[in-house]
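Colleague:
Protein chains in written order, with the working numbering: chain A, 139 to 568; chain B, 8 to 461.
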C-alpha cells in the first residue's frame, strides 16, 4: 500500500504540472541563425514571446542540418511550431502539407492579407507564393555581393571608392591585387568562390541560367548553355593562375575563403550579408571602414545577377496554436525589429518600410548589399528548387578540380535536373 | 483423447481457419475465386498500395507460424509449454492484419501504435518458432531442455530474452520493412505524414515489375551504382590490409615482456576510447587544405602542400588512413588475445629444435592465429564495407563523390535531398545481398580448409 501511495502522489504531481503548463500556449521555435546573429535575436524573441502571450521554447538547429531535421520531424508530427526556413525550402514543405497557408482565413483569425503581403519586397516574397498560398513571412533577404578590402585596393593602385563595374575591370583588379603577394606570402586577388552558390552570379553575368518555367508548363534548363561554360572557364582560369585562392578544398572552402579575406590575404570575396559580422571580426577589418561592399560586376552584355536568398518564418501545419504563432512572427517581423537586425547585424530587411529608417541610409555596408539586391535574381520557385545543388555541387567541384570538362560536367547537371523536374508535383489548384 | 492436448488442438483449429481464410481471401473480398491470397502475394498487382500487401504478408506469416507451432505442439507433448503461446500470437497477428487488410488501415503509421506492438509479437513468435524448428532438426529440443530438463538453462533463456526482443525491434523489423519498401515507388512525397490532427495516408504503390527499383539502381547513370560500388570495394580492400598487418605487428610487439607494456597497451587502445565522430572531426581538421596540421607541417619543411581532401586519390588515402587509425585497436586487442592463447610450450619446443624467430612466426604463430585472423578479416570486411562515420564526416563523400561508398550514398538517396525511400531501400538490399554472398563464400572457404586450426 505504501508503494501505491507514493505512486499516486507522483501521478498527481505530474497531472498538476501538466495542468499548469497548459496555462499559456507553448511555442517551439527552431532558430538557424549563426552565433553572432543569435546574441541579438534571442533577446528580441523573448520580448516578442511576452507580447504575444506565449511561452517560448527556443531551440537552436545548425542551418546545414535544419532542412533534413525538419523533414524528419514534420513527417512524424514532431516539428516545431515555427521554423526559420531558407526561403527556397518553402515550396517543398508546402507541397508535403507541412506548412499552414498564412492567408487561409479558415485557419487564422487574422490571416495575411494581400495588403500585408505587399509590404514585403517582391523578390524574397516570391518564393512563398508557390501554388497561390502564403507559406511564410520573410525575415531577412540576401544576395552574395562583392566584398573588398579597401587598403589592398589602394596598395594595388585601384580606386577604393570605385570598385569594378564590369568583368574585365574585375579581372584586372584581381590580377593587380595578386601582384602584391610574394611566393612565400601570396596575396590572392579574390578569395576562392566557396561553392557553386557564389558562382551563380558569374553564370548569370555571362548569360547562363538555372531553370526557367515556361508559360506552357515546361521548363528550360540553362545550366549547360554557353554562358555558364564561359563563366566556368573564367573562374577556373583565375584558380589555375593562382590569382584566386586559397586552393580549392570543397569540404572546407567556405571557412578557408572567409578566413583568407579576414586576414587580409585576399582582396575580394563574393559573400552575402550574413557574414558581415564575421568579416568585421577579422584583423583586416578592425577598422570597419576598410570593408567595401558593391554589386557584382556585369558581364559583357551588361547582364548581372546574384541568387536571392534569405530566411522566412514558416508555421507548422500541426501546430495547435496557429494564431499565437502568427502573432509572435508578426512581432518578430515588425519594422522596428527589422531595423534593429539591420543596424546591429547588417541583415537586409524584407519590409519596404524598413528602408525609410534614417539609420539604414547611413550604413554603407548595408547600402552596398542593397545595391546588389536590386540586380539579384530568384532561383526557380519549384518544389525541386531546394534540390538543384545536389547534382550541381559535385559537378562544379569536379570541374574546378580539373577532373572533367566544363561542358560534360554541366550536361550531367542538366540530365539530373530533368529527372528532378519529372517528379515535380503540380501546384495545388487555386 | 488426452485432455492435455486440448489447448493445442484448439490453437490448431484457429490456425487452420486463418490459413484457409488467407487462401480464400480474394474470393471473400471480391468474389474472384481464380486467385488465392498466396497468388496475390507472389504476383503483386501493379498499383496495389503497400500496406495492403504488407498486411497480406503478415496474415500469411502469422497463420503459418501458428499452424506450424500448433502442429509441433500436438506431435511433441514435451514442447507444450511454449507452443500454445506461439500459436496464439501467430493467430492473433494473422487476424489482426486480416482486419487491417479489410479496413485498409495504414499498417505502420508509427512505432507507438497498437498495430506496431502486434507486429513485434508476430516477429517474436516467428523467431521462436524458427529457433525451435532449427534446434529440433539438430536433435535437441531447446524448449524441452530449457523448461524441463535443465533448470539452469531456463535462466539463461530468460536472460537473453530482452536482448532477443531488442534485436527483433532493431534488426528484424527494419529489415522486413526495408525489403518491402524496395519494391515500391515510395518517396518523401507519398509516405505517411502525421501532421497534428491531420494524417496523410501513404499513397505509394508496388511496381508491377517488383524489381523496377533494382533495375533503375543498376542502370540509371544518375544513381552512380557501379562507380560507387567500385569505390566501396577499393575502400574496403585498402582498409583491411593495413588493419590486419599493423594490428598483428603491434600485437606481437605488445605480447613481449617489455618495460612499460601496460602503458603502451593503454596508449594504443586510446583511439578506440574516443567517440568516432570526435576522431573524425579531428582528422578533418588535420587534413584542411589551408590551415590543416599536415599542410602547415609540410609548408614549414618547405615541401609542396598536399590536396588531402580535394583530390580523389589523396582523399581516398586520407579517409583510409583515418579509418585505419580507428580500427587498429580492435584488431590489435583481438590478435593479442589470440596470441596469448598459444601455449608457451610450443615455442620452447621450437627453440629446442633450433628454430629461429621467423620460423617460429610462420610455423607456430600464424597457423594457430589463423582462426582469429580469419574471423576478424570477415568482421572487418563487413564493418568497413558498411562503415559510415569516417566517410560521411571527414570527406563527406567528396570531392565530387569520389570517396562516396554504398552505405553513405544509400543514406543520401534516402535521407538527403529529394528523399527516395524505395530506391534507397533497393540500394540497401543490394548491399545486404553482396555481403551475404561474400560472407557465405568466405565461410565456405574457411571451413573447407581447416588445416592448422587446432
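C-beta atoms are modelled at their ideal positions from N, C-alpha and C, and glycine is treated no differently.
Remember, predicted model here, so these are calculated numbers, not experimental data.
Could you work out which residues of chain C lie near residue 297 of chain B, taking near to mean beta carbons separated by less than 8 Å?
Modeller: Protein chains A and B are contained in the structure displayed, whereas chain C is not.
Colleague: Determine, using beta carbons only, whether residue 429 of chain B and residue 232 of chain B come nearer to each other than 9 Å.
Modeller: No, the Cβ-Cβ distance between residue 429 of chain B and residue 232 of chain B is not below 9 Å.
Colleague: What's the C-alpha gap between residue 433 of chain B and residue 172 of chain B?
Modeller: Rounded to whole angstroms, residue 433 of chain B to residue 172 of chain B spans 26 Å at the Cα level.
Colleague: Beta strand (DSSP E) containing residue 286 of chain A: first to last residue?
Modeller: It spans 283-287 - the beta strand (DSSP E) in which residue 286 of chain A sits, taken as one unbroken run.
Colleague: List, in order along the chain, the chain B residues whose C-beta lies closer than 9 Å to that of residue 379 of chain A?
Modeller: Ordered by position in chain B, no residue passes the 9 Å Cβ test against residue 379 of chain A, which lies about 17 Å from the chain.
Colleague: Would you kindly work out how many angstroms separate the C-alpha atoms of residue 335 of chain B and residue 546 of chain A, rounded to a whole number?
Modeller: So the two alpha carbons sit approximately 41 Å from each other.
Colleague: Indicate, with yes or no, if the ligand COA has a heavy atom lying under 8 Å from the CB of residue 473 of chain A.
Modeller: The model on display carries no ligand, and the ligand COA is accordingly not part of it.
Colleague: Under 8 Å Cβ to Cβ from residue 493 of chain B, same chain only, skipping five residues before and after it: list those, please.
Modeller: Absent from the model: residue 493 of chain B. The displayed extent of chain B is 8 to 461, so no value can be given.
Colleague: For residue 8 of chain B, I'd like the list of residues in its chain whose CB is within less than 6 Å of its CB, leaving aside the five on either flank, ordered along the chain.
Modeller: With a pLDDT of only 46 at residue 8 of chain B, under 50, the local geometry of the prediction cannot be trusted, and the value read off the model is given with reservation. Closer than 6 Å at the Cβ level, and outside the excluded window around residue 8 of chain B, lies no residue.
Colleague: Does residue 178 of chain A come out as helix, strand or coil in the three-state DSSP assignment?
Modeller: Residue 178 of chain A: helix per DSSP, three-state reduction.
Colleague: Opposite residue 221 of chain A in the DSSP bridges: which residues?
Modeller: DSSP output for residue 221 of chain A lists A:168 and A:452 as bridge partner(s).
Colleague: Buried or exposed, going by whether 16 or more other CB atoms sit within 10 Å of the CB of residue 221 of chain B?
Modeller: By the 10 Å Cβ count, residue 221 of chain B comes out buried.
Colleague: May I have the straight-line CA-CA distance separating residue 463 of chain B from residue 193 of chain B, to the nearest angstrom?
Modeller: Only positions 8 to 461 of chain B appear in this structure, which leaves residue 463 of chain B out of reach.
Colleague: Where do the N-terminal and C-terminal ends of the beta strand (DSSP E) with residue 328 of chain A fall, by residue?
Modeller: Segment 326-329, the beta strand (DSSP E) holding residue 328 of chain A.
Colleague: In whole angstroms, what separates the C-alpha of residue 115 of chain B from that of residue 235 of chain B?
Modeller: Because the pLDDT of residue 115 of chain B is 40, which lies under 50, any placement of that residue in the model is unreliable, and the number read from its coordinates should be weighed accordingly. Cα to Cα, residue 115 of chain B sits roughly 32 Å from residue 235 of chain B.
Colleague: For a contact meaning CB atoms closer than 9 Å, what does residue 517 of chain A contact in chain B?
Modeller: Residues of chain B passing the Cβ test: none, with the nearest at roughly 14 Å.
Colleague: Whole alpha helix (DSSP H) runs in the stretch 507-538 of chain A with 4 or more residues, listed along the chain?
Modeller: You should have 527-538.
Colleague: Express the C-alpha separation of residue 198 of chain B and residue 4 of chain B in angstroms, rounding to a whole number.
Modeller: An answer regarding residue 4 of chain B cannot be provided, because it is not within the stretch 8 to 461 covered by chain B.
Colleague: Taking beta-carbon pairs under 7 Å, can you tell me which members of the stretch 401-417 of chain B lie near chain A?
Modeller: The stretch 401-417 of chain B vs chain A, Cβ under 7 Å: 402, 403, 405, 406, 407 and 408.
Colleague: Determine the chain A residues that contact residue 425 of chain B at a beta-carbon separation under 8 Å, and present them in chain order.
Modeller: Those are 522, 525, 528, 558 and 561, listed as they occur along chain A.
Colleague: When the Cα of residue 292 of chain A is compared with those of A:314, A:347 and A:525, which residue comes out closest?
Modeller: The shortest C-alpha separation from residue 292 of chain A is found at A:314.
Colleague: Hey, would you say residue 208 of chain A sits closer than 9 Å to residue 231 of chain A, going by beta carbons?
Modeller: Against a cut-off of 9 Å, the Cβ pair of residue 231 of chain A and residue 208 of chain A comes out as a contact.
Colleague: If we cut at 9 Å on Cβ distances, does residue 212 of chain A have a partner in chain B?
Modeller: So yes, residue 212 of chain A belongs to the interface.
Colleague: Based on the DSSP output, what are the partners of residue 445 of chain A in its beta bridges?
Modeller: DSSP lists A:515 as partners of residue 445 of chain A.
Colleague: Mind checking if residue 198 of chain B is an interface residue toward chain A, Cβ cutoff 9 Å exclusive?
Modeller: Chain A, which has a Cβ nearer than 9 Å to the Cβ of residue 198 of chain B, makes this yes.
Colleague: Excluding the five sequence neighbours on either side, which residues of its own chain have a C-beta within less than 7 Å of the C-beta of residue 403 of chain A, listed in chain order?
Modeller: Counting only Cβ-Cβ distances below 7 Å, and skipping sequence neighbours, we find 325 and 326.
Colleague: For the stretch 446-462 of chain A against the stretch 209-229 of chain A, do three or more pairs of beta-carbon atoms, one drawn from each stretch, fall closer than 8 Å, so that the two count as touching?
Modeller: Short answer: they touch.
Colleague: Count the other C-beta atoms from every protein chain shown that fall within 10 angstroms of the C-beta of residue 113 of chain B, then say buried if there are 16 or more, exposed otherwise.
Modeller: Because residue 113 of chain B carries a pLDDT of 43, less than 50, the predicted location of this residue cannot be relied on, and no value is offered for it.
Colleague: Could you say which of A:557, A:259, A:307 and A:447 lies nearest to residue 522 of chain A if we only look at CA atoms?
Modeller: Selected option, being the one with the closest Cα: A:557.
Colleague: Tell me which residues share the same chain as residue 401 of chain B and place their Cβ nearer than 6 Å to its Cβ, disregarding the 5 neighbours each side in the sequence.
Modeller: Result list for residue 401 of chain B: 287, 290, 291, 326 and 329, in chain order.
Colleague: Measuring only the C-alpha atoms, how far is residue 213 of chain A from residue 200 of chain B?
Modeller: Cα to Cα, the separation comes out at about 5 Å.
Colleague: From the DSSP output, which residues share a beta bridge with residue 357 of chain A?
Modeller: Bridge partners of residue 357 of chain A: A:351.
Colleague: Using only the alpha-carbon positions, how far apart do residue 517 of chain A and residue 188 of chain B sit?
Modeller: Residue 517 of chain A and residue 188 of chain B: Cα-Cα distance of roughly 33 Å.
Colleague: Do residue 434 of chain A and residue 408 of chain A have their C-beta atoms within less than 9 Å of each other?
Modeller: Taking 9 Å as the Cβ cut-off, residue 434 of chain A and residue 408 of chain A qualify as a contacting pair.
Colleague: For residue 295 of chain B, which option in A:509, A:391, A:468 and A:238 has the closest C-alpha, if you only look at C-alpha atoms?
Modeller: Among A:509, A:391, A:468 and A:238, the Cα nearest to that of residue 295 of chain B belongs to A:391.
Colleague: For a cutoff of 9 Å on Cβ pairs, would you count residue 541 of chain A as touching chain B?
Modeller: It does; some Cβ of chain B falls within 9 Å.
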